[in-house]
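Below is one structure, written out as structure tokens; comments come after it.
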Amino acid sequence: MKVWTFDPYILFLAFLTAIPAAATDVYLAAIPTIAKEWNISQEVASSTMSFFFICLSIGLLIYGPLSDKFGRKPILITSLLIFCISSFLCSIADNINQLLFFRIIQGLSASGPATLSMAITRDKFQGEERKRVLIYVGMVMAVVPMVAPTVGAYILEYYHWHIIFRVVALFALIPFLLSLVMNETNLKKSNVSVRRIMLRYRVVLVNRKYLKSCFVLTSTAGPFFAFIGFSSIAYIKYFQLSEKLFGYLFAFNALCAVLGGFIASKLIKKFEVSKIITCLFYVSIGATLLTMILGSFHYFAFALFIGVFSLVNAALRPISNAIILDQVDTDIGSATSLMLFYQFVIGAVYMSIATIDWKAPIFFYGLLSFSTMVAIFVGWKKLRFQIDI
Numbered sequence: 020m021k022v023w024t025f026d027p028y029i030l031f032l033a034f035l036t037a038i039p040a041a042a043t044d045v046y047l048a049a050i051p052t053i054a055k056e057w058n059i060s061q062e063v064a065s066s067t068m069s070f071f072f073i074c075l076s077i078g079l080l081i082y083g084p085l086s087d088k089f090g091r092k093p094i095l096i097t098s099l100l101i102f103c104i105s106s107f108l109c110s111i112a113d114n115i116n117q118l119l120f121f122r123i124i125q126g127l128s129a130s131g132p133a134t135l136s137m138a139i140t141r142d143k144f145q146g147e148e149r150k151r152v153l154i155y156v157g158m159v160m161a162v163v164p165m166v167a168p169t170v171g172a173y174i175l176e177y178y179h180w181h182i183i184f185r186v187v188a189l190f191a192l193i194p195f196l197l198s199l200v201m202n203e204t205n206l207k208k209s210n211v212s213v214r215r216i217m218l219r220y221r222v223v224l225v226n227r228k229y230l231k232s233c234f235v236l237t238s239t240a241g242p243f244f245a246f247i248g249f250s251s252i253a254y255i256k257y258f259q260l261s262e263k264l265f266g267y268l269f270a271f272n273a274l275c276a277v278l279g280g281f282i283a284s285k286l287i288k289k290f291e292v293s294k295i296i297t298c299l300f301y302v303s304i305g306a307t308l309l310t311m312i313l314g315s316f317h318y319f320a321f322a323l324f325i326g327v328f329s330l331v332n333a334a335l336r337p338i339s340n341a342i343i344l345d346q347v348d349t350d351i352g353s354a355t356s357l358m359l360f361y362q363f364v365i366g367a368v369y370m371s372i373a374t375i376d377w378k379a380p381i382f383f384y385g386l387l388s389f390s391t392m393v394a395i396f397v398g399w400k401k402l403r404f405q406i407d408i
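So the mapping is simple: the working numbering equals the position in the sequence shown, first residue as 1, plus 19.
This is the structure:
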């Protein structure tokens with residue numbers, strides 16, 4: 020029996036995967052501050068998050084096919100360079116319009132490392148090893164949302180919020196430098212034009228097993244991203260907590276995600292994947308129901324139930340992603356891009372809905388998450404008999 024050891028390459032993949040998280044989580048605590056400084060509504064300030072994810076989604080459809088044609092390395096280097104520059108430009112924005120514009124560029128470029136991390140994983144690892152790698156990447160990258168909001172809160176305490184984006188640029192500089200010395204992993208580059216490669220999405224779109232698994236399993240991104248956008252509103256505005264305490268509570272949420280990844284890495288060694296996913300759905304439905312009913316009574320209750328949901332979501336995500344990609348044999352870059360595109364599109368939609376000024380925001384978020392998880396579970400009960408697991 021082969022003994023699997025931790026591959027340092029996972030750290031590089033984790034850095035790439037964490038780029039979108041770094042561009043959002045460290046910035047969360049600043050949203051109320053920006054709204055107050057520029058005399059704009061919380062909804063308008065939060066739109067810098069929604070626009071980021073919308074543009075991130077669009078970019079995801081581009082980088083996968085480009086990397087299939089030209090290779091992972093040159094596309095990765097280019098996207099990381101643009102991300103670093105756009106992050107710095109965000110740090111010198113003077114008004115909401117400038118910040119929105121630079122966030123659009125930042126979102127478009129952040130989709131490069133987000134897509135290519137998955138594609139590189141698909142290139143280098145196979146089968147059960149790939150599932151383990153995705154789980155460990157998720158565990159390592161979870162450190163970013165653990166630390167990021169706290170870092171953002173401390174920056175706000177001692178410096179101006181603009182400094183947050185310079186910290187993000189410095190963070191992205193690490194994988195950019197590492198990408199300069201990485202080896203190309205796409206050893207079977209496409210020899211057709213970029214236009215024809217883009218049209219290869221049709222091949223993926225007619226793969227029923229891929230589409231069904233992608234539509235069902237990645238929909239869990241909706242409640243997850245809704246919480247990211249809604250978290251500062253819930254903790255700072257609704258519960259009237261400080262930015263620093265918000266950072267600690269968000270870090271607790273991220274710690275639960277790390278634990279979820281660790282639990283998943285153990286479960287897949289002992290149980291069937293379909294049974295693991297079914298059990299995790301049961302727990303997620305229970306956690307979102309409790310959030311809806313009891314979450315508004317105290318911030319500790321809200322944090323506890325959301326922590327359980329984050330744990331389950333972190334366990335589900337890498338297993339689900341591996342199952343989805345197992346449904347395709349070719350056009351891996353396109354399949355990865357399309358999967359992530361759907362994740363971030365539904366995430367942006369849910370984030371926009373959750374950040375509306377609802378009269379009972381905690382209850383509404385719980386209702387939104389609960390109803391979504393129930394619908395996904397119903398879809399999963401049918402899907403597990405129709406795909407390759």
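By construction, the Cβ of each residue, glycine as well, lies at the ideal position given by its N, Cα and C atoms. Please read all numbers here as calculations on a predicted model, not as lab measurements.
- Under the DSSP assignment, Thr-374 falls outside any alpha helix (DSSP H); it carries neither an H nor an E label.
- Here DSSP, grouped into helix, strand and coil, assigns Asn-332 to helix.
- Here the segment 36-52 lies against the segment 164-176, with 3 or more beta-carbon pairs under 8 Å apart.
- Close CB contacts of Ser-251 within its chain, under the 7 Å cut and outside five residues either way in sequence, are with Leu-47, Ala-48, Ile-50, Pro-51 and Phe-265 (chain order).
- For Asp-44, the secondary structure class from DSSP, reduced to helix, strand or coil, is helix.
- The beta carbon of Leu-335 is closer than 7 Å to those of Thr-239, Ile-296 and Leu-299 in its chain, skipping five residues each way along the sequence.
- Secondary structure note for Gln-117: its alpha helix (DSSP H) is the uninterrupted segment 115-143.
- Distances from the CA of Ile-81 to each of Ser-284, Leu-218, Ile-255 and Leu-274 were compared; the closest alpha carbon is that of Leu-218.
- Considered as a whole, the segment 262-347 harbours 262-289, 292-313 and 318-344 as its complete alpha helix (DSSP H) runs of no fewer than 4 residues, in chain order.
- Between Asn-332 and Phe-396, the gap from beta carbon to beta carbon reaches 8 Å or more.
- For Gln-61, the number of other beta carbons within 10 angstroms of its own is at least 16, and it is reported as buried.
- Using a Cβ distance threshold of 8 Å, Val-223 and Ser-353 count as a contacting pair.
- Boundaries of the alpha helix (DSSP H) around Gln-61: 61-89.
- Taking the Cα positions, Ile-408 is about 6 Å away from Ile-342.
- Thr-134 is positioned such that its CB atom lies closer than 8 Å to that of Ser-356.
- The shortest C-alpha to C-alpha distance from Leu-359 to any of Leu-189, Thr-140, Gly-78 and Gly-398 is the one to Gly-78.
- At a Cβ-Cβ threshold of 8 Å, Tyr-301 and Phe-258 do not count as neighbours.
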